[in-house]
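Right, one structure below, let's go through it.
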Amino acid sequence: MDFSQHTLLQVIPKLEGGGAERTTLEVGRAFVEAGGRSLVVSSGGGMVDELEAGGSAHVEMPVESKNPFLIAQNARDLAALIAKEKVSLIHARSRAPAWSCLQAARRTGIPFVTTYHGAYSAKSALKKLYNSVMVRSDAIIANSQFTAEAVAAQYEGKPYFDRAKMVTIPRGADLSRFDPEAVSEERIETFKTLFGPGFRIVLPGRFTDWKGQREVVEAAAILKKQRPDIRATFLMVGRMDEKPDYVEELRELVDQRGVTGSVQLIGPTKDVPALLLASDVVLSASTRPEAFGRVAVEAQAAGRPVIATAHGGSLETVRDGETGILVPPGDSEALAKALIRLHDLNPEERAEMGRRGMMHAHQNFTTEAMTASTLSVYQKLIGGLGDGTNGKGS
């Protein structure tokens with residue numbers, strides 16, 4: 001694909017760590033490598049330097065705001081940017097900026113793409129209408145089949161929804177980052193020291209009440225009671241600044257359950273590959289369905305068995321009994337049993353599960369496959385191969 005005559009504009013609320021943000025960087029880099037120009041509009045964040053290092057230019061704009069007046073102003077500013085930079089296509093990755101993008105696309109006549117990085121729930125008609133901007137585009141990308149089906153169930157039959165415009169493109173992972181051969185033993189040892197001795201278990205993910213941290217603490221207590229012979233150490237790693245009250249509640253729960261010596265809560269790390277490779281088992285314990293479940297894919301890429309909750313994208317990314325174990329969401333007893341099962345495997349059996357996971361990840365969830373599929377969507381729209389509604393939305 002040759003995009004040498006084209007400029008891509010992606011819009012995302014902010015550039016802090018996360019799956020949507022990582023995908024934005026990866027698609028921008030791929031577009032540049034295909035000869036195009038890549039612009040990203042956001043309100044800023046810690047990933048801007050990395051974005052620019054990948055060849056994309058960043059434009060700061062308050063697109064994370066849900067204020068209707070700011071959304072309208074952002075639409076005008078985006079339209080002006082599109083005209084100035086001769087943008088060929090605009091791609092929104094969240095609802096508030098998507099409303100601005102839709103208006104800007106209508107004003108300028110360029111194709112409009114949206115990506116569902118999660119399946120949004122809506123209890124009221126007003127919220128459902130607000131969410132519907134994501135299906136009013138010329139191409140709708142869902143990051144898993146679970147997401148695609150959830151979106152279709154919400155909007156099937158609506159005049160502004162055309163399922164033919166939807167394509168499923170699984171979230172990719174930069175698997176080269178998680179190749180055990182690419183991570184030094186020194187980096188791994190840093191995290192092994194944090195774990196301490198014993199059976200090392202990690203739960204990566206920001207601290208919020210649906211990511212399963214409570215259930216992991218309860219599972220640690222069950223494991224300690226049922227199998228005192230297992231010296232298990234748990235690290236829960238992620239951003240703590242968003243919900244400090246919840247973090248404090250977790251610390252109190254750790255103390256109440258008597259697992260202070262085996263469960264640690266620590267802040268985020270940039271060296272996720274070394275963290276995963278220092279562990280024996282990686283957890284994805286979300287009590288709400290993950291739209292995709294990047295942690296499970298990255299863990300498998302690192303050759304580590306995964307225990308994930310059996311709903312959402314995990315049903316597509318983890319092969320139960322082959323690359324990991326699926327457990328019912330919110331079930332700490334089942335989680336403890338799965339940990340015991342993996343602990344009791346001999347080292348070669350656990351390593352073989354890891355090897356199967358690596359193969360599964362490399363066959364199905366590469367960044368290269370994700371970016372190639374995304375650029376193919378762009379090519380069809382830019383090339384005028386769509387259905388004639390480019391730049392108008394619904």
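Going by the numbering used here, the sequence shown runs without a break in its numbering and finishes at 394.
Where a beta carbon is used, it is the ideal one built from N, C-alpha and C, also for glycine.
This structure is a prediction, so every number in the text was calculated from the model and none was measured.
(request) Look at L9 and H91 and say whether their C-beta atoms are less than 9 angstroms apart. (result) Their beta carbons are under 9 angstroms apart, which means L9 touches H91 by this criterion.
(request) Could you spell out the range, first to last residue, of the beta strand (DSSP E) harbouring R200? (result) F199 to P204 is the span of the beta strand (DSSP E), which, as asked, contains R200.
(request) Measure from the alpha carbon of H311 to the alpha carbon of each residue in S284, L203, S332 and T323, then state which is nearest. (result) Comparing Cα positions, the closest option is S284.
(request) Please work out which residues of its chain come closer than 6 angstroms, Cβ to Cβ, to Q103, disregarding the five sequence neighbours upstream and downstream, and give them in chain order. (result) Taken in chain order, the residues that qualify are A75.
(request) Entirely within the region 254 to 314 and at least 4 residues each: give me those alpha helix (DSSP H) ranges in chain order. (result) Segments of the alpha helix (DSSP H) lying fully in the region 254 to 314: 272 to 277 and 294 to 301.
(message) Considering only DSSP beta bridges, list what D320 is partnered with.
(response) For D320, which the question treats as bridged, DSSP gives the partners G324.
(request) Buried or exposed for E290, please, with buried defined as at least 16 other CB atoms from any protein chain shown within 10 angstroms of its CB. (result) Under this definition E290 is a buried residue.
(message) Quick check on the DSSP output: the alpha helix (DSSP H) that includes E333 runs from which residue to which?
(response) DSSP places E333 inside the alpha helix (DSSP H), whose first and last residues are S332 to D344.
(request) Taking only the alpha-carbon atoms, compute the straight-line gap between H360 and L25 and give it to the nearest angstrom. (result) CA-CA distance, H360 to L25, rounds to 24 angstroms.
(request) Can you give me the start and stop residues for the alpha helix (DSSP H) that H91 sits inside? (result) First-last for H91: L89 to A92, but that is the beta strand (DSSP E), not the alpha helix (DSSP H).
(message) Less than 9 angstroms between the beta carbons of V259 and K224, yes or no?
(response) Cβ atoms of V259 and K224: closer than 9 angstroms.
(message) By DSSP's criteria, H58 is part of a beta bridge. Which residues make up the other side?
(response) According to DSSP, which records beta bridges pairwise, H58 is partnered with V40.
(message) Determine whether the beta carbon atoms of E298 and L276 lie at a separation below 9 angstroms.
(response) Contact flag set, yes.
(message) Here's a check: name, in chain order, each residue in its chain whose Cβ is nearer than 6 angstroms to the Cβ of T323, leaving out the five neighbours to either side.
(response) Only Q300, R356, G357 and H360 meet the Cβ criterion.
(request) Kindly list the residues whose CB is nearer than 8 angstroms to the CB of A20, restricted to its own chain and excluding five residues on each side of it in sequence; keep chain order. (result) Here the set comprises I12, R93, S94, T115 and H117.
(message) If you measure between the beta carbons of G405 and I169, is that distance less than 9 angstroms?
(response) Outside the shown range of the chain (1 to 394) lies residue 405, about which nothing can therefore be said.
(message) Between which two residues does the alpha helix (DSSP H) holding L223 run?
(response) For L223, the uninterrupted alpha helix (DSSP H) segment begins and ends at Q213 to Q226.
(request) Pick out whichever of T371, I71, A336 and C101 has its Cα sitting closest to the Cα of R227. (result) Of T371, I71, A336 and C101, the residue nearest in Cα terms is A336.
(message) Whole angstroms are fine: how far does the CA of R350 sit from the CA of S100?
(response) One C-alpha to the other measures close to 49 angstroms.
(request) Can you say whether N131 is buried or exposed, counting buried as having 16 or more other CB atoms within 10 angstroms of its CB? (result) Residue environment analysis places N131 among the buried positions, since at least 16 neighbouring C-beta atoms fall within 10 angstroms of its C-beta.
(message) Taking the straight line between their C-alpha atoms, what separation do you get for G386 and P328?
(response) The pLDDT assigned to G386 is 39, lower than 50, so where the model puts this residue is not dependable; a value taken from the coordinates is nonetheless given after this. Straight-line Cα distance between these residues: approximately 41 angstroms.
(request) May I ask you to list the residues that DSSP assigns as paired with Y116? (result) When DSSP reads this structure, Y116 sits in a beta bridge with A142.
(message) Taking the straight line between their C-alpha atoms, what separation do you get for A395 and S65?
(response) For residue 395 there is no data in the structure shown, the boundaries of the chain being 1 and 394.
(message) Give me the DSSP bridge partner(s) of V167.
(response) Residue pairing by DSSP places V167 opposite I141 in a beta bridge.
(request) Give the straight-line distance between the Cα atoms of E149 and L381, rounded to the nearest whole angstrom. (result) Cα atoms of E149 and L381: separation of roughly 23 angstroms, rounded to the nearest angstrom.
(request) Measure the C-alpha to C-alpha separation of S279 and A372 and round it to an integer number of angstroms. (result) Their backbone Cα atoms lie some 32 angstroms apart in a straight line.
(message) Please state whether the Cβ-Cβ distance between V295 and G267 is less than 9 angstroms.
(response) Result no, Cβ atoms of V295 and G267 do not sit closer than 9 angstroms.
(message) Give me the residue from L194, G54, A53 and P347 with the minimum Cα distance to K303.
(response) According to the sequence as given, residue 303 is Gly; it is not Lys. Comparing Cα-Cα distances from G303 to each of L194, G54, A53 and P347, the minimum goes to P347.
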